[in-house]
Amino acid sequence: MEKAKLEMIVGVFVLIGIISLGYLSVKLGKLELIGGDLYEVDALFNSATGLKSGAAVEIAGVEVGRVKAISLKEDRALVRLGLHNGTKLYSDTIASIKTRGIIGEKYLALSPGGGGDPLKPGETIR
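In case it helps, this note's numbering puts the sequence shown at residues 424 to 549.
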């Protein structure tokens, strides 16, 4: 009886450990499960060299989303952005690809403008 009780306690602790490890992996990896609170907009570039899916999208140095996908549309790079719902962008928003440090990773910087019409989900930053 004592052995069965000990095995039950060990099993519960192992299960709690596995669940905790999974939770931390999702949170620290910044994975968005089942979409999260995101909306998508597109941005067109002549070249998206070095930019990768999962790269940060920032406004004034603050991360507001991630690059979801990069594809080719006619002869330009179409970059799909997943942005947090509270992020307000306008039709005069400017998107640019920047580099962190001298040989650092690429990220997408947004300058949101404010004089144009609000961008709706699915619209394109030109």
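All C-beta atoms in this analysis are idealised placements derived from N, C-alpha and C, irrespective of residue type, glycine included.
These numbers come from a predicted model, not from an experiment.
- G505 is classed as buried because its beta carbon has at least 16 other beta carbons within 10 Å across all chains shown.
- Here A492 is exposed. Its C-beta has fewer than 16 other C-beta atoms within 10 Å.
- K529 places its beta carbon 8 angstroms or farther from that of L467.
- Between G536 and V464, the CB-CB gap reaches or exceeds 8 angstroms.
- L512 sits in coil when the DSSP states are folded into three classes, being neither helix nor strand.
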